[in-house]
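Asker: Just add 19 to wherever you are in the sequence shown, counting from 1, and you've got my numbering.
Quick one: this structure, given as structure tokens, is what I'll be asking you about.
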Amino acid sequence: AENNIEIDLEGFEREMESQRVRARASSQFDRDNARIKVYEDLGAGSTRFTGYENLIGSTVIVGLIKGTETVSRATDGDSIEVVLQETPFYSEGGGQVGDGGEIVGPNGRVVIIDTKEAIPELIIHYGKVTQGTIQVGDSVETYVDTIRREDTARNHTATHMLHAALREVLGPHVRQAGSLVTSDRLRFDFSHVKPVTDEEMWQIQFLVNEKIRHNSNVIRSENTYSGAIEEGALAFFGDKYGETVRLVEIANGGRFSFEVCGGTHVNRTGEVGSVYVLGESSIGAGMRRIEAVSGRAAERLVWDRFNREEGLANFLQTSPGELKERVTGLVEQLDLATRQLENLEKKLSLQSAESLLANVEEIAGIKVLAAETIASSADLLRSAGDWLKNKLGAGVVVLGAVINENPMIVAMVTPDLVAKGLDAAHIAREAAKVMGGGGGGRPESAQAGGRDAEKLHEALSLVPTIILASVKEIKD
């Protein structure tokens with residue numbers, strides 16, 4: 020404070036950080052608005068989606084965006100956003116990622132890595148020109164990556180089936196709270212107040228795969244949103260729906276799943292192949308997350324796990340069916356051997372400690388033992404220190420050892436000397452400084468470590484000096 024003015028530096032920093040956060044948010048808002056304006060200024064109108072029926076098509080480029088500017092052409096190596104008059108590429112939505120593939124024109128080719136709806140009804144294809152030149156007005160052929168689309172469709176249908184199975188096994192309170200559907204996996208967030216048990220998870224997975232084996236129809240239809248809800252369709256509360264919505268129903272004699280959904284799906288559940296649940300976890304109060312794979316990814320997962328199990332069984336010279344018992348037996352043997360080794364190390368450590376008693380010297384009327392020993396762990400070093408302290412009856416014990424290539428010191432002071440002012444923590448800290456380290460603990464027992472193992476002997480040789488200085492300070 021100066022001239023009776025106090026400055027709240029902490030408060031000032033908090034306000035400055037708040038301002039920086041607001042500035043970043045404002046800057047991002049400005050960038051987003053500027054980007055939206057670029058899309059609106061294209062004047063390209065709406066993009067007609069044809070990808071429910073076709074994965075190949077003919078269309079016209081009506082807009083190109085490079086960086087933050089509209090351009091009339093793009094050349095080899097350019098990262099570009101392409102707007103088409105119509106497109107078979109599905110744009111990200113409803114948890115499903117966008118399609119990839121290729122756009123091929125008369126003079127160039129673009130590899131598409133993602134597809135999104137930038138503003139309502141305007142679909143943007145994100146890609147890179149890999150050959151030649153493309154320009155606005157080009158008539159082009161569009162090719163959706165069929166393998167990626169089919170794998171994604173399997174996972175999307177599997178997501179609906181998991182949702183239905185969760186509601187059937189856990190109860191109708193289960194509601195979708197979010198999802199992610201890609202070509203190689205699926206993730207589904209749902210409302211449920213407790214962890215799903217192993218038995219429940221088995222029932223859910225079994226039910227889904229049973230419905231897959233039934234090869235049920237996956238029926239698409241359209242209705243008004245209100246009409247769909249009246250019919251019993253489930254809708255994700257976080258999505259915005261138009262007047263007319265697309266419905267996906269899975270039925271085979273009876274309805275299993277019925278949801279409002281604009282995503283892509285298989286025609287029959289048998290095309291999903293199989294579903295394998297990877298895991299289930301909490302993502303918040305009353306919210307759970309389930310992750311799974313289907314189709315080719317599920318087959319690969321099972322094959323990889325089978326191979327690992329076979330390999331492990333061969334390595335342990337047993338059969339896969341007896342692998343658990345074999346591993347359990349080996350763990351028990353290892354535990355026993357570890358205990359026996361620890362007992363042996365303790366005996367050897369104490370024997371080594373006993374031989375150190377010959378190194379006891381008297382410093383200012385205090386029995387002091389400062390020596391290097393061998394120990395494989397901090398616990399063994401402390402045990403040896405305790406044993407030597409008890410043998411001394413009254414005195415100071417400082418032991419050092421190199422453990423896992425790092426120097427370590429333990430210091431012990433008997434209660435009578437602690438009462439007189441000697442502090443084991445001070446002794447350990449001062450000695451450790453030589454090794455480039457530090458430590459701490461209680462007056463009667465402390466531990467310190469360092470970085471330079473070669474300095475351990477020097478650190479221990481300083482103990483008498485440290486004790487003398489402590490005694491002098493106590494007397495003064």
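Ideal Cβ placement from N, Cα and C applies to all residues, glycine included.
Predicted model, so just to flag it, every value in this text is computed and none were measured.
(1) Helix, strand or coil, according to DSSP, for Ala44 in the structure here?
(2) Among residues of its own chain, excluding the 5 on either side of Ala332, which ones have a beta-carbon nearer than 7 Å to its beta-carbon?
(3) May I ask which residues mark the beginning and end of the beta strand (DSSP E) holding Ala311?
(4) Among Gln466, Met454, Ala317, Met431, which residue has its Cα nearest to the Cα of Asp170?
(5) Which runs of the alpha helix (DSSP H), 4 residues or longer, sit entirely within the region 75-119?
(6) Can you give me the C-alpha to C-alpha distance between Met220 and Ile166, rounded to a whole angstrom?
(7) Between the C-alpha atoms of Ser374 and Met427, what's the straight-line distance to the nearest angstrom?
(8) Tell me the DSSP secondary structure of Ile393 in three-state form.
(9) Beta strand (DSSP E) containing Glu278: first to last residue?
(10) Please confirm whether Lys439 and Ile493 have their CB atoms less than 9 Å apart.
(11) One question on the structure: do Leu418 and Ala443 come within less than 9 Å of each other, judged by their Cβ atoms?
(12) Given a threshold of 16 other Cβ atoms within 10 Å of its Cβ, counted over all protein chains shown, does His192 qualify as buried or as exposed?
(13) Determine whether the Cβ of Gly440 lies closer than 9 Å to any Cβ atom of chain D.
(14) Can you say whether Ile75 is buried or exposed, counting buried as having 16 or more other CB atoms within 10 angstroms of its CB?
(15) Looking only at its own chain, which residues have a Cβ that is under 6 Å from the Cβ of Ser300, when we skip the five neighbours before and after it?
(16) Which of helix, strand or coil does DSSP assign to Tyr260?
(17) Where do the N-terminal and C-terminal ends of the alpha helix (DSSP H) with Ala172 fall, by residue?
(18) How is Thr216 classed by DSSP in three states: helix, strand or coil?
(19) If Ile99 and Val129 are in contact, beta carbons under 8 Å, what's the gap, nearest whole angstrom?
(20) Could you check the C-alpha separation between Thr392 and Trp406 for me, to the nearest Å?
(21) For Tyr71, does the three-state DSSP call read helix, strand or coil?
(22) What are the start and end residues of the beta strand (DSSP E) that includes Glu136?
(23) Determine the closest residue to Thr66 out of Ser77, Val102, Gly86, with distance taken between C-alpha atoms.
(24) Please list, in chain order, all residues of the same chain as Val291 whose beta carbon is under 7 Å from its beta carbon, the five residues on each side excluded.
(25) Which residues in the same chain as Lys474 place their Cβ atom closer than 8 Å to its Cβ, once the five residues preceding and following it in sequence are excluded?
Answerer: Reading from the atomic positions:
(1) In the sequence shown, the residue the question calls residue 44 occupies position 25. Note that Ala44 scores 48 on pLDDT, short of 50, meaning its location in the model is unreliable; the coordinates nonetheless yield the value given after this. In the structure shown, Ala44 sits in a helix (DSSP, three-state: H, G or I).
(2) If you number the sequence shown from 1, residue 332 lands on position 313. Only Ser338, Pro339, Leu342 meet the Cβ criterion.
(3) Translated into positions along the sequence shown, residue 311 becomes position 292. Ala311 -> beta strand (DSSP E) spans 306-313.
(4) One-based indexing of the sequence shown puts residue 170 at position 151. Selected option, being the one with the closest Cα: Ala317.
(5) none
(6) In the sequence shown, counting from the first residue as 1, residue 220 sits at position 201. In the sequence shown, counting from the first residue as 1, residue 166 sits at position 147. Using only the alpha carbons, I get a separation of about 29 Å.
(7) The residue labelled residue 374 in the question sits at position 355 within the sequence shown. The residue labelled residue 427 in the question sits at position 408 within the sequence shown. Cα-Cα distance, rounded: 20 Å.
(8) Locating residue 393 in the sequence shown gives position 374, where the first residue counts as 1. Coil.
(9) The residue given as residue 278 occupies position 259 in the sequence shown. Here the beta strand (DSSP E) through Glu278 covers 274-279.
(10) Taking the sequence shown and counting its residues from 1, one reaches residue 439 at position 420. Taking the sequence shown and counting its residues from 1, one reaches residue 493 at position 474. Yes.
(11) Stepping through the sequence shown from its first residue, residue 418 is reached at position 399. Stepping through the sequence shown from its first residue, residue 443 is reached at position 424. No, these two residues do not count as a Cβ contact at 9 Å.
(12) Within the sequence shown, residue 192 is the residue found at index 173, counting from 1. Flag for His192 reads exposed.
(13) Included in the structure is just one protein chain, with no chain D present.
(14) Taking the first residue of the sequence shown as 1, we reach residue 75 at position 56. So Ile75 counts as exposed.
(15) Here residue 300 refers to the residue found at position 281 of the sequence shown. Answer for Ser300: Arg308, listed in chain order.
(16) For the purposes of this step, residue 260 is identified with residue 241 of the sequence shown, where counting begins at 1. Residue state, collapsed to three classes: coil.
(17) In the sequence shown, residue 172 corresponds to position 153, counting from 1. Looking at the DSSP string, the run of the alpha helix (DSSP H) that includes Ala172 is 165-189.
(18) For the purposes of this step, residue 216 is taken as residue 197 along the sequence shown, with counting starting at 1. The answer is coil: DSSP assigns Thr216 none of H, G, I, E or B.
(19) Translated into positions along the sequence shown, residue 99 becomes position 80. Translated into positions along the sequence shown, residue 129 becomes position 110. Sure, about 7 Å apart at Cβ, within 8 Å.
(20) For the purposes of this step, residue 392 is taken as the residue at position 373 of the sequence shown. For the purposes of this step, residue 406 is taken as the residue at position 387 of the sequence shown. Each residue's Cα considered, the two are about 14 Å apart.
(21) Mapped onto the sequence shown, residue 71 falls at position 52. Tyr71 falls in the coil class under three-state DSSP.
(22) On the sequence shown, position 117 is the one that residue 136 refers to. Note, Glu136: beta strand (DSSP E), 127-138.
(23) The residue given as residue 66 occupies position 47 in the sequence shown. When each option's Cα is compared against that of Thr66, the closest is Val102.
(24) Here residue 291 corresponds to residue number 272 of the sequence shown, with the count starting at 1. Counting only Cβ-Cβ distances below 7 Å, and skipping sequence neighbours, we find Arg173, Thr176, Ala177, Ile231, Val285, Ser313, Gly314.
(25) In the sequence shown, the residue the question calls residue 474 occupies position 455. Taken in chain order, the residues that qualify are Pro426, Val453, Met454, Gly455.
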